[in-house]
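Asks: Here the sequence shown is numbered in the numbering used here, starting from 7 and rising by one per residue.
Heads up, the beta-carbon is just placed ideally off N, CA and C, and yes, glycines get one too.
Dumping the structure here so I can ask a few things about it.
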Amino acid sequence: MAHILIIDDDDGFRKMVRYMLEKEGYDVFEASDGNKGIKIYQDQEIDLVITDIFMPDKEGIETIIELRRDNPDIKIIAVSGGGWKGDFDALKIAEAFGVQKAFEKPFERKEIIDTIKELLNP
């Protein structure tokens with residue numbers, strides 16, 4: 007089954023998404039910030055990354071840029087629970103850097119599972 011990396015500084019969110027994805031049969035890796043996520047990505051065979059936008063150390067946009075530099079074809083889903091508003095919509099910025107889909111937290115379980123299935127099995 008596919009390997010998915012969750013990068014988010016919210017431990018509860020990571021655990022919840024991990025549980026949801028493992029129930030679907032995916033192998034899941036977790037990182038609490040972008041630096042740790044990049045390291046896991048480089049050490050493992052990752053098929054899809056779910057990354058938060060606002061995190062300490064290395065934020066989501068920086069993480070997305072570095073992932074794209076390593077592998078322009080990596081599938082990335084960006085998530086955000088808030089932060090910038092108005093003209094500086096972080097999810098729109100993430101989409102401009104090539105994420106395949108962006109979700110506001112909280113999101114519907116079915117919606118993200120369906121998106122993952124579409125991205126991994128086009």
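1) For the 8 Å Cβ check, are there 3 or more pairs between the region 44-51 and the region 20-27?
2) My output table needs one value for E101: the three-state DSSP class, helix, strand or coil.
3) Flag this pair as yes or no: are the beta carbons of F35 and L11 separated by less than 8 Å?
4) Quick one: which unbroken beta strand (DSSP E) runs of 3-plus residues sit fully inside the region 47-96? Chain order, please.
5) If you drop the 5 nearest sequence neighbours on each side, which residues of the same chain put their C-beta closer than 7 Å to that of G87?
6) Is the beta carbon of I59 less than 8 Å from the beta carbon of I67?
7) Kindly give me the distance between the Cβ atoms of T69 and G43, rounded to whole angstroms, as I take these residues to be in contact under 8 Å.
Replies: On the basis of the coordinates in this document:
1) no
2) helix
3) yes
4) 54-58 and 81-86
5) K111
6) yes
7) 6 Å
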